[in-house]
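Using mature numbering (1 follows the signal peptide of the UniProt record, and there is no 0), the letters of the sequence shown map in sequence onto residues -27 to -1, 1 to 235.
Beta carbons are placed, not taken as given, at the ideal position from N, Cα and C, and that holds for glycine.
Bear in mind that the values here come from a model prediction, so they are computed numbers and not experimental data.
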Amino acid sequence: MISLKKVCTTFVATCALSLSFSTAALADSPAERESGNPPLIIGGSQETSPWAVQLRFSVQGSSGTSGCTGEQLNAEWVLTAKHCVEGAYDMKVYHSNDQVNPGTAVSASNLYSAPSGDIALIKLDSPVSLTSYPELDLGYSPQAGDSGVIMGYGLGAWDQPTTTLRSATVRVVGNSTDAYGGPAANLQGVSGAANRGDSGGPLLIDGRIVAVCSTGDIAPGGNINAESNYALLSQSAAWIQETTGIVSTSTDYVPSVDDIAA
């Protein structure tokens, strides 16, 4: 599926920081898009989703176009990773799952970084109604052995470009940290793994989004069992709800003091 490249989301070409010598943000850079074909997940399978969107943008101090994955939560708001929006401008959102012919772009001028962790929200300049939207679980806590699904528009095996949205099954290994030191779920690929360009893509547990792609192996090659780290939405639950108006569907979610005050 998605191979995480660098928390600074290689989506942002300028993202030159990596979590460590072994992991990096999974955004794809301009150089990787010279062919015009965005990258995809390692292994996995072709996927279709009305709310899994393609993000393409420019980054301050860098040439070319970078890309990430996002999830449209309602007619106005898109969820993604913080490292995909830092330094980004001319943000374009595409609603087609086809990377070669992505369709008409919707501009997004307002990019917001969460107060904690590798999480961000993008507000569309013009609302776009979709046939369905994803459910969120803002109270999820990683449990070793949990099974999940990841999706993304990142590179495939050996960094080969693909043409559509892809998904893969993964297993939760335990707790870890995201590109900004926030709590994350450490995943191991089962049918596929995350790669560059998958940054901001979702981790779904029991059909609900619980985290977004942050970092992973720098050079996963064709390893479908490569590991990655997904930033947990729970660390910024109140902020997500207050900003978007979306309420968690998790029965485990316990409102914080800030939630109650809001």
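Just tell me which of 195, 220, 30 has its CA closest to the CA of residue 16.
-> It is 195.
Quick one: measure Cβ to Cβ for residue 53 and residue 43, integer angstroms, because I've assumed they're closer than 8 Å.
-> 4 Å between Cβ atoms; contact.
In three-state DSSP terms, what is residue 213?
-> In the structure shown, residue 213 falls within a helical segment according to DSSP collapsed to helix, strand and coil.
Terminal residues of the continuous beta strand (DSSP E) containing residue 205?
-> Element bounds for residue 205: 200 to 205.
CA nearest to the CA of residue 88, picked from 33, 156, 66 = Residue 88 has its Cα closest to that of 156, out of 33, 156, 66.
Do residue 109 and residue 206 have their CB atoms nearer than 8 Å?
-> The answer is yes: Cβ separation under 8 Å.
Would residue 79 pass as a contact of residue 105 if the rule is Cβ separation under 8 Å?
-> Cβ distance not < 8 Å, so residue 79 and residue 105 don't count as in contact.
Taking just the CA atoms, how far does residue 131 sit from residue 94?
-> For residue 94 and residue 131, the distance between alpha carbons rounds to 30 Å.
For residue 201, which option in 46, 111, 165 has the closest C-alpha, if you only look at C-alpha atoms?
-> Of the candidates 46, 111, 165, the one whose C-alpha sits nearest the C-alpha of residue 201 is 165.
Measure the alpha-carbon distance for residue 204 versus residue 173 and round it to whole angstroms.
-> Here the C-alpha atom of residue 204 lies approximately 9 Å from the C-alpha atom of residue 173.
Closest to residue 19 by CA distance: which of 32, 122, 118 is it?
-> Out of 32, 122, 118, 122 has the C-alpha closest to the C-alpha of residue 19.
Cβ atoms of residue 197 and residue 170: under 8 Å apart, would you say?
-> Cβ atoms of residue 170 and residue 197: not closer than 8 Å.
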